[in-house]
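Participant:
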Amino acid sequence: MDKKVRVRFAPSPTGPLHIGGVRTALYNYFFAKKNKGDFILRIEDTDQTRFVAEAEKYITESLEWCGIKLDESPDIGGKYGPYRQSERKAIYKQYADELLQSGNAYIAFDTADELNKLRSDFEAEKKTFTYNGDIRLSLKNSLSLSSDEVNAMIDAGKPYVIRHKMPENVELVMEDIIRGTVKVNTSALDDKIIFKSDGMPTYHLANIVDDHLMEISHVIRGEEWLPSLPLHVMLYKALGWEESMPEFAHLPLLLKPTGKGKLSKRDGDKLGFPVFPLDWKSKDGEVSMGYRESGYFPEAFVNLLSLLGWNPGTEKEIFTIDELIAEFSLEKVGKSGSRFDPDKAKWFNHQWLQMKDNLEIANLFLSILKEKGIEANTDKVAKIVNLVKDRVSFVKELWEQSSFFFVAPGEYDAKFVKKRWKENSASIMAELIDVLEEVDTFTSAETELHVKNWIEKSELGMGAVMNAFRLCIVGAGKGPHMFDIIEIIGKEETIGRIKKGIESIKR
Ligand code: GLU
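Heads up, the sequence shown is in the working numbering, so the first residue is 23 and it goes up one at a time.
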């Protein structure tokens, strides 16, 4: 039997989660749920210098907002816990020791200053310094020093790190579900630090130890981690875990709207779109916009991110999270980066807004109305939403398209007046009042019937009546079907607005 699918999203809590990270989480989630597997949140907080206290909460809240349900996490727990690497500190040292004992790792005493000096010496000769097989014997480590010297230095409290000893000239052949076969010669790689002088493992060691102990079946992560894959594979081999090593899938980058380079916060700032799921306030008080606060529906956000890299193979673009789970496959994730298109992002929200129940939108809109001091009946607002929603992409844009339902126009669009309010407009409007007074059931259909009959008989022409009518009711040349509008505002208000128009609109 195939082993159970268990995937993890393993962010480092160094700040807000970039939307690229959210996409990684989503693909992991879809993959897990499609395969009846587990989705785990693991917090990789071994780098204490970059730790940001609020980041973990931000990550959890973001995943929750997207509708992702975690099976195991620091908050929920689970039988593979703890799920914060800082709480697993005691676990890692034994594996570093095991690697030391098997000769796959060594102790290195070189100080940061010494290494920096070497780097600049190399640079001066236009060479790059790499801590690797070519040079390690000339540096200060347990391979170059005698064991007495090493023990003496340790006893004297000299700080040291543990480095992985990358073997030389091994052709490593690795499989990636998205990229296929990836080959690397180990001579091109350096001896990475796997355990730091502060007693913490580095990302590489902690990551593979945890993936192993947590029985992770597939590692699905961003392309920026592909260069680390050879080291990870070497570590799995060195620890004797090759047989149960997870399968790997490295996701393509999210690209700038221009298609050139990785999508960054700066692109968002420049073009006015968020690159974070939720608002984030940095320590110095700087606020970065989030999709949630910008008015995106979580469904639209999930939908738009899912299609940045994955392609269902059909024309279908609108997917619910359940449909994504049903249809997702790693085989359909592309190799090349996906360009982020801010207009397309809005389009997704527009589509989702159209699909939502009018009452749901009305309730959201009601709180905006309330802020403006307008109390309105929910059913009435739902009707208004129904009439104008195809003109907006966000709930916050509804006011702009529908304010005239709630407040009579205070002024009249000068351009439209100039073009459409003719000499006889006032008298036509006076006649219109008489026609409307006659209508008993003031519905859209009834008023339309009466008004159109009158227009036909009087031979006034549709334009002459309807443009002036719109100006009186809306104050401008915009808005949905006139008769739908007046059904909602009612007879009295309609006639009142026409009267006011007759008095106040001046050519
Ligand atoms: N902690 C890494 C990150 O922040 C995880 C990479 C991985 O998934 O292996 O992205």
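We put the CB at the ideal spot given by N, CA and C, even for glycine.
Is the beta carbon of Leu326 less than 7 Å from the beta carbon of Phe370?
Facilitator: Cβ distance < 7 Å, so Leu326 and Phe370 count as in contact.
Participant: Have a look at Gln116 and Met188 and give me their C-alpha separation to the nearest angstrom.
Facilitator: Answer to the nearest angstrom: the Cα atoms are 19 Å apart.
Participant: Taking the alpha carbon of Ala398 as the point to measure from, which residue in Ala260, Val461, Leu381 has its own alpha carbon closest?
Facilitator: That would be Leu381, whose Cα lies nearest to the Cα of Ala398.
Participant: For Leu409, list the residues DSSP reports as bridge partners.
Facilitator: Leu409 pairs with nothing; no bridge assigned.
Participant: What's the call for Gly312, buried or exposed, on a 16-neighbour Cβ count within 10 Å?
Facilitator: Buried.
Participant: Is DSSP giving Gly312 helix, strand or coil here?
Facilitator: DSSP places Gly312 in strand when its eight states are reduced to three.
Participant: Within 6 Å: the Cβ of Ser34 and any heavy atom of the ligand GLU?
Facilitator: It does: the Cβ of Ser34 is within 6 Å (strictly closer) of some heavy atom of the ligand GLU.
Participant: Is the beta carbon of Val204 closer than 7 Å to that of Asp212?
Facilitator: Not closer than 7 Å, so no.
Participant: Leaving out the 5 sequence neighbours to the left and right, which residues in its chain are closer than 6 Å to Asn126 when beta-carbon positions are compared?
Facilitator: If we look at Asn126 and ignore the five residues flanking it on each side, its Cβ neighbours are Lys187, Ala260.
Participant: Kindly list the residues whose CB is nearer than 8 Å to the CB of Lys366, restricted to its own chain and excluding five residues on each side of it in sequence; keep chain order.
Facilitator: Within the same chain, Lys366 has close Cβ partners Leu326.
Participant: Please classify Val429: is it buried, with 16 or more other beta-carbons within 10 angstroms of its beta-carbon, or exposed?
Facilitator: Exposed: under 16 other Cβ atoms inside 10 Å.
Participant: May I ask you to check if the CB of Arg243 is nearer than 6 Å to at least one heavy atom of the ligand GLU?
Facilitator: Arg243: yes, Cβ under 6 Å from the ligand GLU.
Participant: Give the range of the beta strand (DSSP E) segment to which Gly202 is assigned.
Facilitator: That run of the beta strand (DSSP E) goes 202-207.
Participant: Suppose you measure from the CA of Lys25 to the CA of Lys58; what does that come to, to the nearest Å?
Facilitator: Their backbone Cα atoms lie some 11 Å apart in a straight line.
Participant: If we ignore side chains and look at the alpha-carbon of each, how far apart do Val74 and Leu275 end up?
Facilitator: C-alpha separation (whole angstroms): 24 Å.
Participant: DSSP three-state call for Gly244: helix, strand or coil?
Facilitator: If DSSP states are grouped into helix, strand and coil, Gly244 belongs with the strands.
Participant: CB-CB under 6 Å to Tyr80, same chain, minus the five flanking residues each way: which ones, in chain order?
Facilitator: Excluding positions up to five away in sequence, the list reads Pro38.
Participant: Reducing DSSP to helix, strand and coil, say where Ile524 ends up.
Facilitator: Of the three classes helix, strand and coil, the one that applies to Ile524 here is helix, per DSSP.
Participant: Taking the DSSP output, what are the residues bridged to Asn287?
Facilitator: First, the amino acid is wrong: residue 287 is Lys here, not Asn. Lys287 is not bridged to any residue.
Participant: Which parts of the region 133-167 are runs of the alpha helix (DSSP H), unbroken and 4 residues or longer, counting only runs that do not cross its ends?
Facilitator: 134-146, all fully within the region 133-167.
Participant: Quick check: does the Cβ of Asn207 come within less than 6 Å of any heavy atom belonging to the ligand GLU?
Facilitator: Not under cutoff, so the answer is no.
Participant: Are there 16 or more other CB atoms within 10 angstroms of the CB of Arg519, so buried, or fewer, so exposed?
Facilitator: Classification of Arg519: buried, given that the 10 Å Cβ count is 16 or more.
Participant: If you draw a straight line from the alpha carbon of Leu227 to that of Phe151, how long is it in whole angstroms?
Facilitator: Whole-angstrom Cα-Cα distance: 23 Å.
Participant: So, is Met23 buried or exposed, given that buried needs 16 or more other C-beta atoms within 10 angstroms?
Facilitator: Unreliable placement is indicated for Met23, whose pLDDT of 49 sits below 50; no coordinate value is reported for it.
Participant: Which residue comes first and which comes last in the beta strand (DSSP E) that contains His272?
Facilitator: Start and end: 269-273.
Participant: Say yes only if the C-beta of Trp332 is nearer than 6 Å to one or more non-hydrogen atoms of the ligand GLU, and no if none qualify.
Facilitator: No - the ligand GLU has no heavy atom lying nearer than 6 Å to the Cβ of Trp332.
Participant: What residue range does the alpha helix (DSSP H) around Gly529 cover?
Facilitator: Looking at the sequence itself, residue 529 is Arg, so the reference to Gly does not match. From DSSP, Arg529 is part of no alpha helix (DSSP H); its letter is neither H nor E.
Participant: With distances taken Cα to Cα, identify the nearest neighbour of Ser108 among Met267, Gly42, Arg64.
Facilitator: Minimum Cα distance to Ser108 is reached at Arg64.
Participant: Please report the straight-line C-alpha distance between Gly485 and Leu493, rounded to a whole angstrom.
Facilitator: Cα to Cα, Gly485 sits roughly 12 Å from Leu493.
Participant: Could you tell me the alpha carbon to alpha carbon distance between Thr465 and Glu515, rounded to whole angstroms?
Facilitator: Taking the straight line joining both Cα atoms gives about 14 Å.
Participant: Using only CA atoms, which one of Glu145, His240, Gly523 lies nearest to Ile62?
Facilitator: When each option's Cα is compared against that of Ile62, the closest is His240.
Participant: Using CA atoms only, rank isn't needed, just tell me which of Lys162, Asp119, Ala112 is closest to Thr133.
Facilitator: When only C-alpha atoms are compared, the closest one is Lys162.
Participant: Kindly examine the ligand GLU and report whether one of its heavy atoms sits closer than 6 Å to the Cβ of Asn57.
Facilitator: No, the Cβ of Asn57 stays beyond 6 Å of every heavy atom of the ligand GLU.
Participant: Which residues mark the beginning and the end of the alpha helix (DSSP H) in which Arg492 is found?
Facilitator: That run of the alpha helix (DSSP H) goes 484-496.
Participant: Identify, in the order they occur along the chain, each residue of the same chain with its Cβ nearer than 7 Å to the Cβ of Lys303, setting aside the five sequence neighbours on each side.
Facilitator: Within the same chain, Lys303 has close Cβ partners Val309.
Participant: Could you tell me the boundaries of the beta strand (DSSP E) in which Phe31 lies?
Facilitator: Segment 28-31, the beta strand (DSSP E) holding Phe31.
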